[in-house]
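Chains as they are written, first to last, in this note's numbering: chain A, 1021 to 1152; chain B, 1021 to 1152.
Here the structure comes first, spelled out in structure tokens, and everything after it is commentary.
There are 2 protein chains.
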Amino acid sequence: MDGTLLDIGEVARRSGLAASALRFYERKGLIQAEGRNGLRRAYRPETLERLALISCARDAGFRLSEIADFLLAGPSDTRLREHLAAKEREVSERVAQLTRLRDSLRHAAVCEHDPLVECPEFKQAVRRVPQG
Amino acid sequence: MDGTLLDIGEVARRSGLAASALRFYERKGLIQAEGRNGLRRAYRPETLERLALISCARDAGFRLSEIADFLLAGPSDTRLREHLAAKEREVSERVAQLTRLRDSLRHAAVCEHDPLVECPEFKQAVRRVPQG
DNA sequence: CTGCGACTTGAAGCGCGGTTCAAGTCAAGG
DNA sequence: CCTTGACTTGAACCGCGCTTCAAGTCGCAG
């Protein structure tokens, strides 16, 4: 064994993702193995970082196809930069919304309203975001 | 027509949700019609508020089944309160993560790194959340 | 009474993000 | 050499959140 390359089981263990998910990501163009050891995929350690990024973005509501686009980007890809900027605005909005939701949940834990959902303080989470 | 009750088309238009989605939500116990006008569902206007709450929670990553649980909660439901408190922590973590991601995206829009994803500043989004 | 169109139903279908399965391949160790 | 066991493949399947479809039922206008 080379020592610098990791096999899929190792990557799965260290990334917390299932091996099946890694193969799935490969089909979708999100990652690729450096080579093969026989039939077996051999991954560079950097792949772990990339997977962390993928997990992060996916948790943030990005689709795998979007993530794949981002991963291919160079600094000269203008359209992609616009896409990233748009995503940034989207994420900002989500942060604001989630922050309100968090405050509502925090309140809910101590609220005395009977149908909890009727509490006006709880409902603040629902305030419409000003038109985008 | 009664004037206080809305039919499904009206609710769909005003909530921005498809009629099929409203029927789906009914099957899942998220909403219910006040009654029927012939076969047709007749909704109370408050349903619109409830739908706004549902959309908000769903966008925040809650499952419909979770939302249904929350919607049934009274102030004495201790287990549910714990669930809400747990969700609050979860949402807080998400907010933190998304905030980092937003900062990374903001940077990405002006970054000169070639594989954009290799930029160390970009990668800060990926910093592991301290063990939960 | 005759459309018409918006509603009703249950069942099937879809896109996403995977997991599971069956069958096969390979490297290392006894 | 032969077994073991982690890997390989493609294809089928899953849960979620809906949408679409086919077939039927209303209420209202003409």
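Built from N, CA and C at the ideal position, the CB exists for glycine as well.
On a predicted model such as this, the values are computed, not experimentally measured, just so you know.
Length of the line joining the Cα atoms of residue i and residue j
{"i": "glutamate 1108 (chain A)", "j": "serine 1124 (chain B)", "result": "9 Å"}
{"i": "proline 1135 (chain B)", "j": "aspartate 1097 (chain A)", "result": "11 Å"}
{"i": "glutamate 1086 (chain B)", "j": "leucine 1071 (chain A)", "result": "28 Å"}
{"i": "glutamate 1054 (chain A)", "j": "histidine 1103 (chain A)", "result": "29 Å"}
{"i": "aspartate 1089 (chain B)", "j": "leucine 1100 (chain B)", "result": "8 Å"}
{"i": "proline 1140 (chain B)", "j": "arginine 1126 (chain B)", "result": "14 Å"}
{"i": "serine 1112 (chain A)", "j": "arginine 1056 (chain B)", "result": "42 Å"}
{"i": "alanine 1106 (chain B)", "j": "leucine 1059 (chain A)", "result": "44 Å"}
{"i": "arginine 1028 (chain B)", "j": "serine 1040 (chain B)", "result": "In the sequence as presented, arginine is not what sits at residue 1028 (chain B); that position holds isoleucine. Distance between the alpha carbons of isoleucine 1028 (chain B) and serine 1040 (chain B): 9 Å."}
{"i": "glycine 1081 (chain A)", "j": "isoleucine 1051 (chain A)", "result": "19 Å"}
{"i": "arginine 1034 (chain B)", "j": "glutamate 1069 (chain A)", "result": "44 Å"}
{"i": "leucine 1084 (chain A)", "j": "arginine 1078 (chain A)", "result": "7 Å"}
{"i": "alanine 1128 (chain B)", "j": "isoleucine 1074 (chain A)", "result": "16 Å"}
{"i": "phenylalanine 1142 (chain B)", "j": "arginine 1043 (chain B)", "result": "43 Å"}
Simplified DSSP assignment, three categories, for residue i
{"i": "glutamate 1132 (chain B)", "result": "coil"}
{"i": "threonine 1098 (chain A)", "result": "helix"}
{"i": "threonine 1119 (chain B)", "result": "helix"}
Cβ-based neighbour list, residue i, same chain, cut-off 8 Å, excluding 5 preceding and 5 following
{"i": "alanine 1038 (chain A)", "result": "Ala1032"}
Neighbourhood of residue i by C-beta, 6 Å cutoff - its chain only, sequence neighbours within 5 removed
{"i": "methionine 1021 (chain B)", "result": "Because methionine 1021 (chain B) sits at a pLDDT of 41, beneath the cut-off of 50, its placement in the model cannot be relied upon, and the following sentence gives the value as read from the coordinates. No residues qualify anywhere along the chain."}
{"i": "leucine 1026 (chain A)", "result": "Tyr1063"}
Residues of its chain near residue i, where Cβ-Cβ distance is below 7 Å and the 5 sequence neighbours each way are ignored
{"i": "leucine 1118 (chain A)", "result": "none"}
{"i": "threonine 1067 (chain B)", "result": "Val1031, Ile1051"}
{"i": "glutamate 1132 (chain A)", "result": "none"}
Residue ranges of each alpha helix (DSSP H) run of no fewer than 4 residues wholly in the segment 1026 to 1092 of chain B, ordered along the chain? Runs of the alpha helix (DSSP H) inside the segment 1026 to 1092 of chain B: 1028 to 1035, 1039 to 1047, 1066 to 1079, 1084 to 1091.
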